[in-house]
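Chemist:
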Amino acid sequence: MQVTHADYKACNATSPISTRTSGNDSITIDTHGHHFFLCGVPGHCQAGQKVDINVVLHRVPEEAAPTPSPVPTVVPAFSPSTAALSMPFHKFGWFLILVLQLMYICGFY
1 MQVTHADYKA CNATSPISTR TSGNDSITID THGHHFFLCG VPGHCQAGQK
51 VDINVVLHRV PEEAAPTPSP VPTVVPAFSP STAALSMPFH KFGWFLILVL
101 QLMYICGFY
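Per the UniProt record's numbering, the sequence shown runs over residues 1 to 109.
1) How many angstroms separate the CA atom of proline 42 from the CA atom of valine 60?
2) Put valine 56 into one of helix, strand or coil per three-state DSSP.
3) Could you have a look at histidine 5 and say whether DSSP puts it in helix, strand or coil?
4) Report the residue from Ile29, Val99, Ile17, Val3 whose alpha carbon sits nearest the alpha carbon of valine 55.
5) Less than 8 angstroms between C-beta atoms, sequence neighbours within five positions excluded: which residues of the same chain meet that for cysteine 11?
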């Protein structure tokens, strides 16, 4: 369940922002900042079954003064490494595993 920061700190599950109970739930977070979740089963939050997800706002730097055109160079073609391609999935995969484990432990799965 999603809770406020105060309820997260106190492990208070009495007034959640939202709950999920199907055991096959997914969460879409489309705003930056902290998002607090805890397990609603009595005693689970106190045992550490809670998570604070901090979504950082990615800022694109403003255009700087124009720079001179680069001198063309010949660079051999290469393919991106598998590790570089799998990084976003790798980070998401760990988050998904954490959420699924929390749901299983809370009895929602």
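No residue lacks a Cβ here, since even glycine has one placed at the ideal position from N, Cα and C. In this text the structure is predicted, and so the values were computed from the model without any measurement.
Modeler: Answer, in terms of the structure:
1) Here residue 42 is taken as the residue at index 42 of the sequence shown, counted from 1. Here residue 60 is taken as the residue at index 60 of the sequence shown, counted from 1. Spanning the alpha carbons of proline 42 and valine 60 requires a straight line of approximately 43 angstroms.
2) Start at 1 with the first residue of the sequence shown, and residue 56 comes out as number 56. Coil, per DSSP.
3) Within the sequence shown, the letter at position 5 stands for residue 5. Secondary structure at histidine 5: helix, using DSSP grouped into helix, strand and coil.
4) Against the sequence shown, residue 55 aligns to sequence position 55. Answer by Cα proximity: Ile29.
5) Translated into positions along the sequence shown, residue 11 becomes position 11. The residues are Leu38, Cys45, Gln46, Lys50.
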